[in-house]
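**Q** After the structure tokens below, expect a handful of questions from me.
Protein chains in written order, with this note's numbering: chain A, 1 to 484; chain B, 1001 to 1495.
Here you go:
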């Protein structure tokens, strides 16, 4: 008999605010331990939290983007437990009244086509610090730089039916928060986007099975592997006549296995109650409207704009894979001659993307190849100064390496096209004389021979001959010879 | 100088009759002589105080003085002060030196006041007798075998014994007003949100409010002028334009005259505050005071606060619940006391907190943890919150009929040290009349209004509507112009 897999995800997205959820200290990643923890973060006696407006606005932006409802009044609550990296002895979160309720994420399932994953809620909370168990010889170190970092915890309904769907959902969510609404930097290695997966299995039609929660999966690959292992493990237990105990488990990337961290019996009683230091979070209609009006333009709309430039849907999809690329492309297309747009698009998707990926740079922030320089280059192709081949394979890489402006590179490298028809005619004559066989073939109707002749001419001109002129002159000469 | 009002001290400083250094030294000497007996101060640091006094003297010389410049003020050891040990009356903070200034301390420093020392208190402000301090009980200057009230007992005793001209306190269920009453001084707990809680070590965040203790309503007004004010660092702080609480204390009530300055004032007298448990000697003094108010032109209105009987049980759910969470940060990890020996993390937590907290604090942490636990939350915490709303509603109704509510601050005069230590419920009932104002967030004050048979002071409790502090202080000041209870000082502590 078949098993049905049921998965729900809880995702922690770190909000891209400069300061923390309830204090003014910086959220920059990678600083020396405890240098970004102020009196509030280390929970000195007497300090108090103040909610970060920017974090609230990002949560509202999320709620609007997923079509959820924004609670006009939500409540910060304390989740109480003791741990050395939790300085106050409680985490400020939202419990009974979260800021966002409902909403959905549309995904493409590997097996079921387009599906909608319903969201239960999204709430604001603060992150804990880090416990460092290495390098301290029998002791533990505590780094509170991360303590108080703003998080949006996004909870889905158990709507996914395979590890593939869970990954598709996580990717769609990642793209939404990072590219679409820009509330999270999405850096998974740094923990800016991490998932907990609630996994259970059941016979089709049966009520929900007992779930186990896999904690802290910080890559799509681990998410896939962890769920696949967990599902296999649960089915194995059930088919052997066993029972699943509710538990929290950890995934070990080295072994590819999940192992139980704590069972339901040792689950904490978090003693949630409304935080008396923070009044209810009141969101007015006007505030929501202001946020709605300042939302980044949907990538879908940018895609339509790009298609309107005459590019293919596929190219438009590629160009809108990230907010940065689409913004860069559209600013470039905006005042370029229409006929140069396809060339510019090819450059972004080809050589430029390759370099950016190689060096892990963001297109908007790279500063190596600026939109104006790209336009200067496309102009040189249009006006016949250089061939598009030279532009793509030689000049662009040279620009990336900082050799100067397109004109400087053309000059320095002697890449100027030969557009003097006399000079080209001379080369064509030499090539025709040296290749009687190809001329014969062409005459016999083998069109391929023509391309070979063009190649010979280009080679003889060291790639500098204007290809359009070469074509024209070659055709004319061959026609002349046919007549003669 | 010892009996002088803050206004008189300020004038003396301005006229160079005395310097701030001399004034600080005068009180430091008295503390040196008398604190051994009274135990009103936990920490005194003459060098720091005198340094501040010298700065104040320079400021006065520059002609840049404010009303409190150069005046020594004692601070309850619950306010974190930069460079001052701040213990909150607990062993767990016995080694904690303030790395920053509380908002209240900042305000006093900016006003040029001199920190005279840190006063003793019930541990984490949990108590009504100042006996739960790790640093030993505070004695009542009127009778050193008695408690001074609590938790701000060190501040109240310091003023009564003239060890300080003014002091700060905090009030979660009566911790300013009840010790003011039992020690024969004045104290006001402002409207919740008036005084920033930033740097005031939290006991029960939704109830805690800082306020001053002093010898007169006029002094309280000057102190409140400095303490009160919006602070962005406290999200529960109220944003309102600044008020001068001292400005028209001498003006009569709107309908009043010189002869009948309080004509038109309607005093609500809640029947629930004059029933079982109220000592006859206290009732008598209150009755006399109310008659005096009538002499001044005020009218008595019988009112009812029907839910007030539920205030103590509701308070002893809400306050411990918040405290159990607020005190979780004292875990031995980052600062404060840590047990010297432990096996592992859990053992470190257990031993640190077992050794670092006293019995009353542990009792309240346990109660608070219990009422927030899964399965009990609705029955206790949520129900207590509902009662809290009913109590606030009682006052809304009451203030439709009257301008101020008056009654006894405490059911009895000061009791013997140790008399109630073994019976928490008896101890908790001390605050039966003061707790409703905390639950409702209303301002409340206590002023001396007579003595019991044993010559121990009785306090009159005044509760006003939200943000009515200026009116309350005016009413109290008019009473103090006509009476001299507030000028009485305990015998035997005079120089």
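We treat Cβ as the ideally placed atom computed from N, Cα and C, and that holds for glycine.
Do we get a CB-CB distance below 8 Å when we pair residue 1369(B) with the residues of chain A?
**A** By this cut-off, residue 1369(B) is an interface position.
**Q** Return yes when at least one heavy atom of the ligand SAH lies under 7 Å from the C-beta of residue 319(A), else no.
**A** This structure lacks the ligand SAH; in fact it carries no ligand of any kind.
**Q** In angstroms with no decimal places, state the Cα-to-Cα distance between residue 1250(B) and residue 1377(B).
**A** Taking the straight line from one Cα to the other gives about 49 Å.
**Q** Relative to chain A, which residues along the segment 1187-1211 of chain B have a C-beta separation below 8 Å, given in chain order?
**A** Residues 1197, 1198, 1199, 1200, 1201, 1202, 1204, 1205, 1206.
**Q** Where does residue 41(A) fall in DSSP's three states?
**A** Correct three-state label for residue 41(A): coil.
**Q** Using the Cβ count rule (16 or more neighbours within 10 Å means buried), how would you classify residue 326(A)?
**A** Looking at its Cβ environment, which holds 16 or more other Cβ atoms inside 10 Å, residue 326(A) is buried.
**Q** Relative to the alpha-carbon of residue 1425(B), which residue among 1315(B), 1444(B), 1065(B) has its alpha-carbon at the smallest distance?
**A** That would be 1315(B), whose Cα lies nearest to the Cα of residue 1425(B).
**Q** Spell out the partners DSSP gives residue 199(A) in its beta bridges.
**A** According to DSSP, which records beta bridges pairwise, residue 199(A) is partnered with 7(A), 212(A).
**Q** Measuring CB to CB, does residue 54(A) end up less than 8 Å from residue 38(A)?
**A** No; because the gap between Cβ atoms is not below 8 Å, this pair is not in contact.
**Q** When the cut-off is 8 Å and only beta carbons count, does residue 1088(B) lie next to chain A?
**A** True, the Cβ-Cβ gap to chain A drops below 8 Å.
**Q** Between which two residues does the beta strand (DSSP E) holding residue 139(A) run?
**A** No beta strand (DSSP E) contains residue 139(A), which DSSP labels as neither H nor E.
**Q** Residues bridged to residue 90(A) by DSSP?
**A** In DSSP, residue 90(A) forms a bridge with 80(A).
**Q** According to DSSP, residue 1445(B) sits in a beta bridge with which residue or residues?
**A** DSSP lists 1188(B), 1462(B) as partners of residue 1445(B).
**Q** Determine which residues share a DSSP beta bridge with residue 1140(B) and list them.
**A** The partner list for residue 1140(B) (beta bridge, DSSP) reads 1143(B).
**Q** Looking at the unbroken beta strand (DSSP E) that takes in residue 115(A), where does it start and where does it end?
**A** That run of the beta strand (DSSP E) goes 113-126.
**Q** Can you pull the chain A neighbours of residue 1331(B), defined as C-beta to C-beta under 7 Å?
**A** Here the neighbours are 82, 89.
**Q** Measure the C-alpha to C-alpha separation of residue 1020(B) and residue 1221(B) and round it to an integer number of angstroms.
**A** Those two C-alpha atoms are separated by around 21 Å.
**Q** Counting contacts by CB-CB distance shorter than 8 Å, is residue 1270(B) in contact with chain A?
**A** Chain A, which has no Cβ nearer than 8 Å to the Cβ of residue 1270(B), makes this no.
**Q** Give me the Cβ distance between residue 368(A) and residue 402(A), rounded to the nearest whole Å; I'm assuming they're in contact under 8 Å.
**A** So it is a contact: roughly 7 Å between Cβ atoms.
**Q** Mind listing, in chain order, the continuous beta strand (DSSP E) runs of no fewer than 3 residues lying wholly within the segment 1180-1231 of chain B?
**A** Listed in chain order, the complete beta strand (DSSP E) runs (minimum 3 residues) inside the segment 1180-1231 of chain B are 1186-1189, 1209-1214.
**Q** Looking at residue 1153(B) and residue 1129(B), is the spacing between their C-beta atoms short of 8 Å?
**A** Yes, the pair counts as a contact, with Cβ atoms nearer than the cut-off.
**Q** Taking the CB atoms as reference points, tell me whether residue 1144(B) and residue 269(A) lie closer together than 8 Å.
**A** No, the Cβ-Cβ distance between residue 1144(B) and residue 269(A) is not below 8 Å.
**Q** Check residue 1477(B) in the structure and name its three-state DSSP category.
**A** Helix.
**Q** Measure the alpha-carbon distance for residue 353(A) versus residue 199(A) and round it to whole angstroms.
**A** Rounded to whole angstroms, residue 353(A) to residue 199(A) spans 37 Å at the Cα level.
**Q** Which of the three DSSP states, helix, strand or coil, is assigned to residue 327(A)?
**A** It is helical.
**Q** Are the Cβ atoms of residue 1525(B) and residue 1351(B) separated by less than 8 Å?
**A** The shown model of chain B, from 1001 to 1495, leaves out residue 1525(B), and the question about it has no answer.
**Q** When you check each C-beta in the segment 37-50 of chain A against every C-beta of chain B, which residues fall closer than 9 Å?
**A** Here the close residues are 39, 40, 42, 43, 44, 45, 46, 47, 48, 49, 50.
**Q** Chain B partners of residue 278(A), CB-CB under 7 Å?
**A** Neighbours of residue 278(A) on chain B, chain order: 1235.
**Q** Roughly how many angstroms separate the alpha carbons of residue 1365(B) and residue 1044(B), rounded to a whole number?
**A** The straight-line gap from Cα to Cα measures roughly 30 Å.
**Q** Could you have a look at residue 1457(B) and say whether DSSP puts it in helix, strand or coil?
**A** Three-state DSSP puts residue 1457(B) in a strand.
**Q** Taking the alpha-carbon positions, what's the residue 1290(B) to residue 1024(B) distance?
**A** So the two alpha carbons sit approximately 38 Å from each other.
**Q** Distance, Cα to Cα, residue 1102(B) vs residue 238(A)?
**A** Spanning the two alpha carbons is a distance of roughly 59 Å.
**Q** With distances taken Cα to Cα, identify the nearest neighbour of residue 63(A) among 29(A), 122(A), 468(A).
**A** Among 29(A), 122(A), 468(A), the Cα nearest to that of residue 63(A) belongs to 122(A).
**Q** Just tell me which of 1213(B), 1336(B), 1246(B) has its CA closest to the CA of residue 44(A).
**A** Answer by Cα proximity: 1336(B).
**Q** Could you tell me if residue 136(A) is buried or exposed, where buried requires 16 or more neighbouring beta carbons within 10 angstroms of its beta carbon?
**A** Under this definition residue 136(A) is an exposed residue.
**Q** Can you tell me whether residue 57(A) is buried or exposed? The criterion is at least 16 other CB atoms within 10 Å of its CB, across all chains shown.
**A** The residue is buried, with at least 16 neighbouring Cβ atoms inside 10 Å.
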